[in-house]
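*Asks:* Questions regarding the structure given below will be posed in turn.
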Amino acid sequence: MEGVPRVPQQRGPEESATLRFGVLGPVRAWRGEELLATGSPQQRALLAALLLREGRTATASELIDALWGEEPPPRALAAVRTYASRLRKVLSPGVLVSESGGYALRLSEARSLDVAAAQELAAEAEKAKNTGDLCHARQVLNEALALWDGESLARVPGPYADTQRTRLEEWRLQLLESRLYMDLEQGCHAEAVSELTALTAAHPLRERLRELLMVALYRSGRQAEALAVYADTRRLLADELGVDPRPGLKDLQQRILQADPSLAEPSAPAQEVSSAPVRPAQLPATVPDFTGRASFVAELGAVLASAEGRVMAVSALAGIGGVGKTTLAVHVAHQARSAFPDGQLYVDLQGAGSRAAEPETVLGAFLRALGTAETAIPDSLEERAALYRSVLDGRRVLVLLDNAKDAAQVRPLLPGTEGCAALVTSRVRMVDLAGAHLVDLDVMSPDEALSLFTKIVGEERVAAERKAALDVVAACGFLPLAIRIAASRLAARRTWTVSVLAAKLADERRRLDELQAGDLAVKATFELGYGQLEPAQARAFRLLGLADGPDISLAAAAAVLDLPVDDTEDLLESLVDTSLLESAAPGRYRYHDLVRLYARACAERDEHPPSERDAALSRLLDFYLATVSGVYLIERPGDRLVDHLEHAAYPGLTFSDRHPAQDWLYSEAVCLLACVRQAMRTGMMRRAVDVLWAAVDLAESGANSKEYEAVAALLRDVAREAGDPRTEARALTALAFVHQHNGSRFDVAVEEAQSANELARSADDPLTACWSSNISGVIALYQNRNDAGEVHLTGAIENFRVLGDRPGEASALCNLSRVHLATGRTETAVELARQGTAMYDDMGHALKGANGRYALGLALTQSGKFAEATECLHQALWVFRDSRQRLWEGMTLFRLAELDLAARRPAQAAANAEMALTLLRGIGGEWRHANVLTVLGRSLNGIGQLDRARVCWREALELLEALGAPEADEVRGLLKVASAA
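Per my numbering, the sequence shown starts with residue 1366, numbered consecutively.
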């Protein structure tokens, strides 16, 4: 409802007739969602005084003092009675009562008042904090702080309101400080800097805020700024109050100077796990070098420990061959010995082989081990299973069923009686084993893998070549069996170094052959699983392994297999059940690295005809080209670029809204770029570069710009070697675009754009020529070569018009606006930006329209039209944020900071500059970083934090001098003036 703040019903629904009251802002009352008329300021002051007494009675004289203090009007008592009478008519019957010569409010619930709700939330947050649940404490404190809707008791007169207003504001700041402290403890220091900067500007003498700002800056790697905050604080306290900072602040300064390790970002303490030591009788020996798996040991140990008092505890471990299922199960079972004093049973069910063990045979062996006479063992499976359960009745026995084929093989072997437990290992997930605790076992962590390797090879050899050892375990894909084989080979060859083994495993085509020792072989382990696949499963396993991405989506997999999505999902899920494929997330699948190598080897050996391998990758590339073209068009309706792309023979996904389209693009970015990289071969190169072009948002947002740049550079080289000027021109244009946006390689970008333009003209590729000219104009602007920039952009506008490419024309118009702005032609700059923005709006371009408003906001700022400029930039900011354009979001905040400085709002400028700095971390390049630091320094200087401003300017100057940027002169001037202050 318009005008209704978030008070005080933010947790739990209220009945429509319930009265609610708010004092954390204007004094207001609601009945359900209806805002009630609370009368004049003095009448609201009376209501506030009664509300804040929490149901206690206020006498008439107390209320007169609250409203008017020592100088009440002549008819003060009559006025109080009038106000009370009016309020009684507005409120529900029985709420405002008269008693003992005064008045009181009887609220149905304490939480009907926002202050009481905030107190309850604050208490809940304190309790959560004391128990170590900082995440919940932060969430609850944010709820409490959200109850404030501006100044407490806003526009309420009287001495009582003044006192309570001060109290409530102090309480709000305390809650805010507590929440900010938790932000830092949760590792959100970079995000907290902006808020703390604004708060220290608003409350300059509040030392706790300064302390938190110092910690946030220090943990963000900005030690010099943290120390500068202390210097600013000390000078301010001396000037304003004639005192020194409190001891805690001084101590923090010393800890920062000494780089105290305890100031580093806190990490959540690892939970210790414990499990009862156990030693089963019939189990294979546990390996002496068992390593890691602490969480799984604890989880399985807890399930086994719960067997007493339960009908039966069953845990089923599933995982790829060689992942260590048997080793873990045996280790856990040995530890559980004391919990199962009546015996431990073990069997290898040979489920991965061609002849799995028969359940009745296993039951016969179990019954004999439990003391049943041979003559007493029946023949049928059902009778043996029944006798097995009878023999176990009243006993506490652990049964380890290793290497099971499926749930049908396991069911007759389960004890089924209280106090017993079963551990099952299988390559198949036992989803159809009722009541089982399912555990999916993954590969080892890097630390666990290195530890296992070290235990087998020896500490001395590994310590001497730690990096090579890390390369070895990484080449093994952190798979325990592969690590054990590699380590055993090295341990048996004293003349080998770790580096020799690492070099042998570096060759992917030979890696599986190298990973065998004695009767152990990784390839043989995988072969057992592959040999049991149905033909359709085997084909899917082979072809999906060809794609280079870290995982693959269901839709992309359907393209590779040339099958409907539903059929593809059935196949992939069946492969997941066999543990040859992993389900990375809903609708996404991946291989273990060694399994992928094995799948590719199978494809080379078994896929007929061999051309089907290339056809599968071609379908995948077409799928990406068709889908990303559609995403591009959703963001840029009417854009002509898609008309100049290669035709995709295989269809892609379609989207009706830009948000799911963006979700797809950013979630698929790594796989898409991997496909482009893989497709750089004759016949696929042109489609590959067109995928890159249509996925330009990945570079412009900064999200994937480094990988985008690397792929574009590789495409350029391959196209040049193949003598394909069209592909080379497009790859060069993509590179120039990336370098334009990363802000640190303008000289390289100039050459790339010029070369792209020449090649595009020779290849009769007019659109590439237009875009390369547009990019050349922008780079010339950044380099202060404004005459050249105007020539490039004017030419681009004319050529875009010839092609009928209105989005391109609008882009060049907005860029030309900035050239006019740089050369002092403010009026024409505003007009050009308005033209470009209007064209974008006519075509329905939300994202590019934001770029237009960005350019218009700059021109309006320089022309002094601050209100309109602010509106333009905020509109652009919302779109950039909604479109995940982190680079442009950061740059818009930077421009807002410049605008705030021009409008003499330095505190707001500092907050915006800090947010820009956080967003642009790692993207946008050092040139943009330095420009933001310059503006941040000017903002800090404007709020009296000169020492911190100097730190920002020195860092900016260092970056700009290294780049040879002309902006360095401005920063030198700022530092010169500051040193004279």
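Cβ atoms here follow ideal geometry from the backbone N, Cα and C, with glycine treated the same way.
Let me confirm a value: residue 1871 is counted as buried when at least 16 other C-beta atoms fall within 10 Å, else exposed. Which label applies?
*Replies:* Residue 1871 comes out exposed.
*Asks:* Which partner residues does residue 2259 have in the DSSP bridge list?
*Replies:* Answer is none; residue 2259 lacks a bridge partner.
*Asks:* Within the same chain, show all residues whose beta-carbon is closer than 6 Å to that of residue 1957, passing over the 5 residues directly before and after it, in chain order.
*Replies:* So the qualifying residues of the chain are 1685, 1842.
*Asks:* What is the rounded straight-line gap between the Cα of residue 1644 and the Cα of residue 1700?
*Replies:* Summary for residue 1644: the model assigns pLDDT 37, below 50, so the residue's position carries little reliability; its value from the coordinates is reported in the next sentence. Looking at the two C-alpha atoms, the distance is approximately 5 Å.
*Asks:* Looking at the secondary structure, which residues open and close the alpha helix (DSSP H) in which residue 2107 lies?
*Replies:* It spans 2090-2107 - the alpha helix (DSSP H) in which residue 2107 sits, taken as one unbroken run.
*Asks:* Is it right to say residue 2342 is buried, meaning 16 or more other beta carbons lie within 10 angstroms of its own, or is it exposed?
*Replies:* Residue 2342 is exposed by the Cβ-count criterion.
*Asks:* Look at residue 1911 and residue 1978 and say whether their C-beta atoms are less than 8 Å apart.
*Replies:* The answer is yes: Cβ separation under 8 Å.
*Asks:* Alpha carbons only, please: which of 1622, 1826, 1535 is nearest the one belonging to residue 1865?
*Replies:* Residue 1865 has its Cα closest to that of 1826, out of 1622, 1826, 1535.
*Asks:* Whole alpha helix (DSSP H) runs in the stretch 1585-1629 with 4 or more residues, listed along the chain?
*Replies:* Runs found: 1588-1605, 1612-1622.
*Asks:* With hydrogens ignored, establish whether the beta-carbon of residue 2113 is closer than 7 Å to any heavy atom of the ligand ZN.
*Replies:* The ligand content of the structure shown is nil, which means the ligand ZN is not present either.
*Asks:* Less than 8 Å between the beta carbons of residue 1786 and residue 1669, yes or no?
*Replies:* Cβ atoms of residue 1786 and residue 1669: closer than 8 Å.
*Asks:* Locate the beta strand (DSSP E) running through residue 1679, then write down its first and last residues.
*Replies:* Looking at the DSSP string, the run of the beta strand (DSSP E) that includes residue 1679 is 1678-1683.
*Asks:* With 16 as the cutoff for other CB atoms within 10 Å, does residue 1539 come out buried or exposed?
*Replies:* Per the 10 Å Cβ criterion, exposed.
*Asks:* Should residue 2100 and residue 2085 be called a contact, given that it needs their Cβ atoms to be closer than 8 Å?
*Replies:* Contact: no.
*Asks:* Please name the residue in 2155, 2153, 2131 whose C-alpha comes closest to that of residue 2167.
*Replies:* It is 2131.
*Asks:* In the DSSP output, which residue or residues are listed as bridge partners for residue 1764?
*Replies:* Paired residue(s): 1710, 1787.
*Asks:* Decide if the stretch 1769-1783 is in contact with the stretch 1720-1728; the criterion is three or more beta carbon pairs, one per stretch, under 8 Å apart.
*Replies:* Yes, they touch.
*Asks:* Taking the alpha-carbon of residue 2238 as reference, which of 2261, 2224, 2249, 2247 has the nearest alpha-carbon?
*Replies:* Among 2261, 2224, 2249, 2247, the Cα nearest to that of residue 2238 is on 2261.
*Asks:* Consult DSSP for residue 1957 and reduce its assignment to one of helix, strand or coil.
*Replies:* Reduced to three states, the DSSP call for residue 1957 is coil.
*Asks:* Would you check if there are 3 or more beta carbon pairs closer than 8 Å linking the stretch 1490-1502 to the stretch 1519-1528?
*Replies:* No, they do not touch.
*Asks:* Taking the beta strand (DSSP E) that residue 1463 belongs to, which residues open and close that run?
*Replies:* Its beta strand (DSSP E) spans residues 1461-1464.
*Asks:* Helix, strand or coil: which one does DSSP assign to residue 1696?
*Replies:* Looking at residue 1696 - three-state DSSP - the assignment turns out to be helix.
*Asks:* Which of helix, strand or coil does DSSP assign to residue 1468?
*Replies:* Three-state DSSP puts residue 1468 in a strand.
*Asks:* Mind checking who residue 1917 pairs with in its DSSP beta bridge?
*Replies:* 1954.
*Asks:* Would you mind listing the alpha helix (DSSP H) stretches within the stretch 2170-2255 that are 4+ residues and don't spill past its ends, in chain order?
*Replies:* Runs of the alpha helix (DSSP H) inside the stretch 2170-2255: 2171-2187, 2191-2208, 2211-2227, 2231-2247.
*Asks:* If distances are taken between C-alpha atoms only, which option among 1598, 2334, 2142 comes closest to residue 1606?
*Replies:* The shortest C-alpha separation from residue 1606 is found at 1598.
*Asks:* Does the beta-carbon distance from residue 1555 to residue 2315 come in below 8 Å?
*Replies:* No. Outside cutoff.
*Asks:* What first and last residue would you give for the alpha helix (DSSP H) that runs through residue 1932?
*Replies:* Where residue 1932 is concerned, the enclosing alpha helix (DSSP H) stretches over 1930-1942.
*Asks:* Can residue 2044 and residue 1986 be called in contact, C-beta distance under 8 Å?
*Replies:* Against a cut-off of 8 Å, the Cβ pair of residue 1986 and residue 2044 comes out as a contact.
*Asks:* Quickly, what does DSSP pair residue 1393 with across the bridge? List them, please.
*Replies:* Its beta-bridge partners are 1387.
*Asks:* Using a threshold of 8 Å, state whether the C-beta atoms of residue 1804 and residue 1681 are closer than that.
*Replies:* In contact: residue 1804 and residue 1681 (Cβ atoms closer than 8 Å).
*Asks:* Counting C-beta neighbours from all protein chains within 10 Å, is the total for residue 2027 16 or more, i.e. buried, or is it exposed?
*Replies:* So residue 2027 ends up on the buried side.
*Asks:* Which residue marks the beginning of the beta strand (DSSP E) containing residue 1804, and which one marks its end?
*Replies:* Where residue 1804 is concerned, the enclosing beta strand (DSSP E) stretches over 1802-1805.
*Asks:* Is it right to say residue 2048 is buried, meaning 16 or more other beta carbons lie within 10 angstroms of its own, or is it exposed?
*Replies:* Residue 2048 is exposed by the Cβ-count criterion.
*Asks:* Are the CB atoms of residue 1390 and residue 1477 within a distance shorter than 8 Å?
*Replies:* It is not a contact, given that the beta carbons lie outside the stated cut-off.
*Asks:* Buried or exposed for residue 1709, going by 16 or more other Cβ atoms inside 10 Å?
*Replies:* Buried.
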